[in-house]
Amino acid sequence: MAYRPYPNVDRALKQLDRHYPSAPVIPMPPALRAIGDAIGQFRENAQRAAGQGFGSGTYVLSTRRPGVVSGPA
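Numbering (this note's numbering), first residue to last: 34 to 106.
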């Protein structure tokens, strides 16, 4: 019998992975590491601010905040 389907999915996937080389590990330079940490901190602060946003959990008809003046009247 020439064709024999694989009874085990994991075994078939391992055979496919055998032909692809693994991705090289490249160390990150210190300057990029500092920028990455700053971006991660910015993301955390933005998520925290969004969770504590204006009127969270209340229905607001207008997108303008009360007490905020926009432009000359």
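Beta carbons: idealized from backbone N, C-alpha and C, even for Gly. These numbers were taken from a predicted model, which means no experiment stands behind them.
Discussion item. Taking the straight line between their C-alpha atoms, what separation do you get for PRO40 and SER55?
Written reply: Here residue 40 is taken as the residue at index 7 of the sequence shown, counted from 1. Here residue 55 is taken as the residue at index 22 of the sequence shown, counted from 1. In a straight line, the C-alpha of PRO40 is about 26 angstroms away from that of SER55.
Discussion item. In whole angstroms, give me the CA-to-CA distance for LYS47 and ILE59.
Written reply: As a working note, residue 47 is residue 14 in the sequence shown. As a working note, residue 59 is residue 26 in the sequence shown. Looking at the backbone, the Cα of LYS47 and that of ILE59 are separated by about 25 angstroms.
Fill in: Unbroken alpha helix (DSSP H) run spanning ALA45, endpoints
One-based indexing of the sequence shown puts residue 45 at position 12. Segment 42 to 50, the alpha helix (DSSP H) holding ALA45.
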